[in-house]
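Chemist: Each residue of the sequence shown is one higher than the last, beginning at 2 in our numbering.
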Amino acid sequence: MMGLPLAFTQPLLLIGLVSLPVLWWLLRVMPPRPRRIEFPPTRLLFDITPREETPSRTPWWLTALRLLAAALVIFAAAGPIWNPQTGAAGSKAPLMIMFDDGWSAASHWDIRIRTADELIANADNDGRAIALVPLSEPNRDITLMPAGAARVALRQLAPKPYSIDRVETLTAVDRFLKVTGDCEIAWLSDGVDTGRGEDFVQGLGKTIGDRSLTVFEGGTSSPLALVAAENAAAKMTVKVLRTDSGIAVGTVRALDQKAAPIGEARYSFGPQDKETEAAFDLPVELRNDITRLEISGERSAGAVQLLDKRWRRRAIGIVSGSTSETAQPLLAPTFYLTRALAPFADVRLADKGSPQQGITQFLDQKLPMIILADVGTISPELRERLNAWVDQGGVLVRFAGPRLAQAEDDLVPVKLRKGGRTLGGSLTWEKPQHLASFAGEGPFAGIAVPKDVTVSRQVLAEPDAVLATRSWASLEDGTPLVTGEHRGKGLVSLFHVSADMRWSDLPMSGTFVEMLRRVVDMSGYTSKPGAGVAGEASGETVAPLHILDGFGAFGPPPATAKPLPADYRDRATPDHPPGFYGPAEGPLAVNTLAAADRIAALNTASLRARHATYTNAEPRDLRGWLLSTALALFLIDAIIVALLGGGLAALLRRRAAPATIVLALALAGLISFAPTAARADSAADEFAMKAVSQTRLAYVVTGNADVDSIVKAGMNGLTLFLAQRTALEAGDPIGIDPARDELAFFPLIYWPIVPGAPKPPQDAINKIDAYMKQGGTVLFDTRDAIEAPPGANGASQTPGMQTLRDILSSLDVPGLEPVPREHVLTKTFYLLRDFPGRFTAGQTWVETLPREDDDEDSAQRPARGGDGVSPIIITSNDLAGAWAVRPDGQAMLPVTGDDPRQREFAYRAGANIVMYTLTGNYKADQVHAPALIERLGQ
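1. Which term fits Q273, buried or exposed, when burial requires 16 or more other beta carbons within 10 angstroms of its beta carbon?
2. Out of curiosity, what's the CA-to-CA distance linking A554 and A302?
3. Can you give the Cα-Cα distance for R518 and L342, rounded to whole angstroms?
4. Report all residues from its chain with a CB closer than 8 Å to the CB of A745; omit the five preceding and five following residues, and keep chain order.
5. Pop quiz: I319 and V348 are said to be a contact at Cβ under 8 Å. What is the actual Cβ separation, rounded to whole angstroms?
6. Starting from M802, trace the beta strand (DSSP E) in both directions and tell me its first and last residue.
7. Below 8 Å, how does it come out for the segment 867 to 876 and the segment 689 to 703: are there three or more Cβ pairs, yes or no?
8. With distance defined between alpha-carbon atoms, name the residue in D764, W846, I372 nearest to D742.
9. Could you pull the start and end residues of the alpha helix (DSSP H) that Y917 belongs to?
10. What are the complete beta strand (DSSP E) segments, minimum 3 residues, inside the segment 473 to 533?
11. For G491, which residues of its own chain have a beta-carbon under 8 Å away from its beta-carbon, when the five flanking residues on both sides are left out?
12. Where do the ends of the beta strand (DSSP E) carrying M237 lie?
13. Would you mind reading off the limits of the beta strand (DSSP E) that contains S269?
14. Measuring CA to CA, which of A107, L468, A595, R503 is closest to G196?
15. Taking the beta strand (DSSP E) that F281 falls in, what are its first and last residues?
16. Over what stretch of residues does the beta strand (DSSP E) that includes F336 continue unbroken?
17. To the nearest whole angstrom, what separates the beta carbons of A731 and T720, a pair I think is in contact under 8 Å?
18. Please list, in chain order, all residues of the same chain as T339 whose beta carbon is under 8 Å from its beta carbon, the five residues on each side excluded.
19. Quick check: R611 and S164, are their CB atoms within less than 9 Å of each other?
20. How about I186 and L227: do their beta carbons lie closer than 9 Å?
21. Which of the three DSSP states, helix, strand or coil, is assigned to Q459?
22. Determine the DSSP secondary structure at G322, reduced to helix, strand or coil.
23. For T630, collect the residues of the same chain with a Cβ closer than 7 Å to its Cβ; drop the 5 residues on either side in sequence, then sort them by chain order.
24. Out of S323, L331, E299, which one is the CA nearest neighbour of G359?
25. Going by C-alpha distance, which of L63, S20, P22 is nearest A643?
26. Measure the C-alpha to C-alpha separation of T144 and L133 and round it to an integer number of angstroms.
27. Is V460 closer than 9 Å to S510 when the C-beta atoms are compared?
28. What's the C-alpha gap between R806 and I112?
29. Do you know offhand how far D785's Cα is from A689's?
30. Go to P356, then tell me how far its alpha helix (DSSP H) extends in each direction, as first and last residue.
31. Output the distance between the C-alpha atoms of G580 and V543, rounded to the nearest integer angstrom.
32. Is the beta carbon of I121 closer than 9 Å to that of M97?
33. When the Cα atoms are used, what is the spatial distance from R577 to D522?
34. How is P564 classed by DSSP in three states: helix, strand or coil?
35. Under 8 Å by Cβ, that's how I've got V239 and A230 pegged, so tell me the actual separation to the nearest angstrom.
36. Would you call the CB atoms of A77 and L628 closer than 9 Å?
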C-alpha cells in the first residue's frame with residue numbers, strides 16, 4: 002500500500018471512510034434554544050454572571066478527536082496486516098521460483114527462504130504446482146511439483162560459495178516455459194551483478210515474453226565482499242566491496258590457522274563509496290600467521306579472504322659480491338633489489354664482511370629465500386650447507402656478474418659457459434637484445450613482455466636437452482634470460498644479467514618487480530624434484546583439503562570438488578570451490594573472488610515486471626492496536642465532555658474524599674503493576690545470565706531449611722573437588738524451583754527427597770519430564786539407606802522412597818537397573834565399583850542398558866538421551882551429606898562406614914556422575930580400540 006508493507010484482509014470496508022464528513026456534520030451538536038417566558042421578577046437575575054455556560058456548538062478539536070477514533074475503528078474493521086505475506090493469489094497458472102543462490106545471496110538466505118515459503122503457501126492455497134529453479138545449476142531439470150514436495154526441495158537448497166552465471170540457466174528456463182505454457186514467475190534476486198548481469202536481464206525478458214514476473218529485491222542490506230588482501234611493508238590491507246550507498250562502518254577480523262583471533266581492523270564507507278579498505282597494523286610475525294580474513298556479522302563465502310604462504314612477507318637475505326669501492330649506494334645491486342622487493346618482502350642485507358659470512362649469517366637465521374648478487378666462488382663446506390638448505394625448501398636466486406661468469410659451481414640451474422656475452426665482443430650482438438617471451442608454463446606466465454627493456458651483456462648457458470624446460474624467460478635470439486630448477490623441496494634460479502644497470506636496464510623496469518614477486522611467491526610452494534619448473538607445472542595438482550560453504554564456514558570437500566594446478570591463482574568455480582587445497586602443512590588458498598573482481602548493483606529496470614521487496618519481520622495483525630487506540634480516544638472524549646459539562650466537577654464536589662481515594666488507589670496500582678512485571682522479567686534475565694555464564698550444577702530447593710543448607714554445602718564441596726581434580730572449573734551451584742526456573746541451563750540437577758513433602762505441581766513435573774527427554778539428568782537422593790528395614794525389599798519401603806515413588810508416578814521414566822560393573826559411569830573419570838555417600842548400603846540405579854536381544858525394545862524408550870546418558874539416577878546414600886563442608890573446609894556431617902577413604906570415594910562418585918552427564922558415553926567406544934589397532938596394523 003503506497004510503498005508501505007501494509008495490506009488489508011477486507012479492503013472494501015475502507016469505503017466507510019467516505020462517511021467521515023457526514024459524521025463531522027452530525028457531531029456538531031447544538032443545544033436547543035431556551036424558551037423565553039415573560040416574568041418581570043427574573044429581571045433581578047440579569048446582572049448575575051452564570052457559573053457555567055454551555056457552548057453553542059462542539060469545539061472543532063473535539064470533533065476531530067471523535068473523527069480520528071471513528072477512522073481507527075474503520076481501519077481496524079478492514080483487517081490491516083503489517084508485513085503481509087508476499088505473492089499474488091487467485092491465479093491458477095503454475096508458479097516458477099528462480100533463486101539467486103551464489104555467495105552474494107548467503108548473507109540474507111533465511112529471508113529468501115521465508116519469502117519462497119510464503120510464495121509456496123499462496124500457491125498451495127490456490128492449488129497450483131511449483132517449480133524451483135536455482136540459477137547456479139544450469140543442467141538441473143525443471144519440473145513441476147506439489148507444494149509439499151516443493152517445501153522439502155526448498156529446505157535442501159543452500160547458497161553456493163562462488164559467483165554464479167545466471168545466463169547459462171536461460172536455456173533450461175526457455176525449454177520449461179515452452180512445455181508449460183502459461184506460468185507465473187518469481188525471481189528472488191540478490192541484487193548483485195558479478196558478471197553478465199545485463200545479458201541475463203535482457204535474455205530473461207525475451208524468454209518469459211508476456212508472462213507475469215515478480216522480482217524480489219531490496220529490503221535487505223547490500224552483501225559485502227573482501228578482495229585484494231595485501232601484506233605490505235607496514236601493514237596488511239584488504240578491500241571491502243559493496244553495491245549500495247550510504248555511510249556504513251564495520252570490522253574485519255583476522256584469524257590464524259586454528260581460528261584463533263589475531264586482530265581486528267575497522268572500515269568505513271562514505272555516502273557514495275562502493276569500496277573501502279581495512280588495514281591491520283600488526284607486527285610482521287603476526288601478519289604472517291593470518292590465514293583467514295572475515296567481515297564480522299557477514300555470513301557469506303564472499304566475505305571471507307583466505308591467505309596462504311603467498312601472502313606472507315618472507316624475510317629475504319641479500320648478499321652482494323661487489324666490493325665497497327665499486328658498490329656505490331645508488332648504483333649497487335643491493336639498491337635495486339631492495340627497492341624491488343620492499344613492497345612485498347622484508348629485506349635483510351648481509352653485515353659488512355665477506356659473502357661467505359653473509360651466507361652463513363642467513364643460513365643460521367633459517368631464512369626462506371636468499372639472493373646472491375654476483376657472488377662467485379663459494380667454499381665447499383658452505384656449498385654443502387646451501388644444497389641441504391635448498392633440498393629442505395629454500396629458494397636460492399642468483400644474479401650474474403663478472404665474478405659468477407668466471408666461477409664454477411653447481412648452485413645454478415644450468416651449466417654456464419665461462420666468460421660472457423657482451424655487446425661488441427666475440428660472442429656478441431650487433432645491437433642490444435630485447436625480451437622475446439616468458440615461458441607459458443613458468444612462474445612468469447601472464448606477465449606482459451616489456452618492449453623497452455634491453456640486454457647488453459649476459460652469461461650464456463651451455464646448450465643441452467633440458468635447457469628449454471628450465472628457461473623461464475628468453476631473449477629475441479633464443480638465449481635464456483632467466484632459468485630455474487626444482488631441487489628437493491626448494492628452488493634454484495638464475496638471472497643471466499646483473500642486478501644493477503651495468504648489463505641490462507631490466508632492474509629499472511616494473512617487470513623486474515613483478516618477476517621477483519613471482520619468485521618470492523614460489524617460496525614454500527615448490528614440492529617435487531624435477532627437470533625444471535616449466536616441465537613440472539603442467540602435471541602437478543593439489544587435492545581439496547577444507548572447503549568453504551556458501552555461508553563462509555569450513556567443511557569437508559564435496560564430491561564435485563576437483564584437484565587444481567598447484568599454481569592456481571584464479572577465482573573459485575563450481576569445480577574448484579573456495580577453500581584450502583593441498584597438504585595441511587602448506588595449503589593453497591582459493592578465494593571466492595579474484596583480486597581484480599568488483600561487484601555492482603544489478604539493474605532490472607528494463608524488465609516488464611512487478612517489483613517487491615524482502616521483509617525481515619513476520620506478518621503482524623494491527624487490529625488490536627487500532628481498536629485499543631480508538632477505545633483510548635473515546636475515553637479521552639468522555640472525560641473532556643464531562644469536564645466541559647461540569648459533571649465531573651459536581652461529582653468531585655459531592656464525593657471528594659471517596660473520589661480522591663479511588664484515584665489514588667488506581668494510580669498506585671498502575672505504578673506498582675509495571676515495575677512488578679519489570680522486576681519479574683529482570684529477575685528471570687538475571688537468573689539466565691548467571692546460569693549460562695559458567696557451567697554450573699543445580700539442586701532442587703525443598704523448603705526444608707536444614708536439608709537445603711546441607712545440600713548447598715554439599716554441592717559447593719563437589720564443585721571445589723572438581724576444580725581441584727579435573728579440568729572442570731564450574732561456577733557456584735544454583736538452587737532452583739522446578740515449577741518456576743528454566744532447567745535447560747544445567748547438565749545435572751540434584752534432588753534431595755524429603756519424606757512426606759507434598760508432590761510438586763504438574764507443571765513442575767512436566768518441566769522435569771521435558772528436561773530429562775532433552776538430555777538432562779536428574780539425580781534423586783532419598784538419603785535414607787541407613788533407615789531401610791532388613792529384607793530384600795527393605796530399601797523400597799522407606800518413607801523417602803515412598804515420596805519418590807509419588808513423584809515418579811507422573812514421570813515418563815525408563816526401565817531402571819543397579820549400575821552394572823561394565824557401565825560407563827564406573828569409569829568415566831575414576832575406576833569405581835560402587836557409589837558411596839554418607840552411607841554405603843544403598844544401591845545406585847540408572848537406565849537399563851540395551852542388551853543384544855532387546856535392541857528393538859530399547860529404541861522405544863522415550864526418555865533415553867541422544868548421547869547415551871541415563872536421564873535419571875537414583876541413590877539413597879546421601880551423596881550431598883558426604884560432600885558437604887563447612888566454611889573452614891571441614892566435613893559438615895560424619896560418614897557411617899568403616900573405610901577411612903569413604904568420603905574420598907564419595908567425591909570420586911560425584912566426579913564420575915558429573916563427567917558422565919557432561920561427556921556422555923564416549924568411553925564406551927574404548928572397547929573398539931583393539932579392533933581398530935589391529936586393522937591399522939594390517
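Ideal Cβ positions, reconstructed from N, Cα and C, are used throughout, including at glycine.
Here the structure is a predicted model, which means the values were calculated and not measured.
Modeler: Put simply:
1. exposed
2. 8 Å
3. 7 Å
4. Y772, Q775, G777
5. Confirmed, Cβ separation roughly 6 Å.
6. Careful: M802 lies outside any beta strand (DSSP E), inside the alpha helix (DSSP H) at 800 to 809.
7. no
8. Of all alpha-carbon atoms in D764, W846, I372, the one lying nearest the alpha-carbon of D742 is that of D764.
9. In the DSSP annotation of this structure, the continuous segment of the alpha helix (DSSP H) that includes Y917 starts and ends at 903 to 920.
10. 481 to 488, 491 to 496
11. Excluding its 5 nearest sequence neighbours in each direction, G491 has C-beta neighbours in its own chain below 8 Å: W390, V391, D392, Q393, G394, G395, V396, L397, T527, listed in chain order.
12. M237 -> beta strand (DSSP E) spans 237 to 242.
13. 262 to 270
14. That would be A595, whose Cα lies nearest to the Cα of G196.
15. 276 to 281
16. First-last for F336: 334 to 342, but that is the alpha helix (DSSP H), not the beta strand (DSSP E).
17. 5 Å
18. I319, V348, L350
19. no
20. Taking 9 Å as the Cβ cut-off, I186 and L227 do not qualify as a contacting pair.
21. strand
22. coil
23. L73
24. S323
25. Among L63, S20, P22, the Cα nearest to that of A643 belongs to L63.
26. 8 Å
27. Contact flag unset, no.
28. 50 Å
29. Taking the straight line from one Cα to the other gives about 33 Å.
30. 356 to 365
31. 12 Å
32. no
33. Residue identity check: residue 577 is His in the sequence provided, not Arg. H577 and D522: Cα-Cα distance of roughly 21 Å.
34. coil
35. 4 Å
36. yes
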